[in-house]
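Below you'll find the structure, written out as structure tokens, and then a few comments.
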Amino acid sequence: MTPSPSVPRQPGFGSDNVAGVSPAILDAITAANDGPTPSYGADDISRRVEQRLSTLFERDVAVLLVSTGTAANALALSALTPPWGAVLCHADSHIENDECGAPEFFSGG
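Per this note's numbering, the very first residue in the sequence shown carries number 338; after that it's consecutive.
The following block contains the structure:
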């Protein structure tokens, strides 16, 4: 059944990638996409983010810019957990049931 145009769509909270991006974010992405640029943190935007966060925290920091998904979840956990450590989570958690070994891959565990 197609919803009526007069009825607002219900937001979907199943995942952060089911929602559209705000126009301001899309405009910023479009403005930043001005041609070829180095990847994997060697670009100007990543360097500026790392400098600003280093200033904020008053120390050198490493920044892993990922927006969403398995890589974001697994990288965040690997940054917090040494290879001999453990991630404790509920048996029904997303990380346990849907990430397909990515935390182990990124953490060396």
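Backbone N, C-alpha and C fix where the C-beta goes; we use that ideal spot for every residue, glycine too.
Touch test, the segment 409 to 420 against the segment 439 to 446, Cβ-Cβ under 8 Å, three pairs minimum: Verdict: yes, contact present.
Is the beta carbon of V403 less than 8 Å from the beta carbon of E387? Taking the sequence shown and counting its residues from 1, one reaches residue 403 at position 66. Taking the sequence shown and counting its residues from 1, one reaches residue 387 at position 50. Not in contact: V403 and E387 (Cβ atoms no closer than 8 Å).
In whole angstroms, what separates the C-alpha of P419 from that of P440? In the sequence shown, residue 419 corresponds to position 82, counting from 1. In the sequence shown, residue 440 corresponds to position 103, counting from 1. Looking at the two C-alpha atoms, the distance is approximately 11 Å.
Quick one: give me the first and last residue of the alpha helix (DSSP H) that Q388 is part of. Walking along the sequence shown from the start, residue 388 turns up at place 51. Looking at the DSSP string, the run of the alpha helix (DSSP H) that includes Q388 is 381 to 394.
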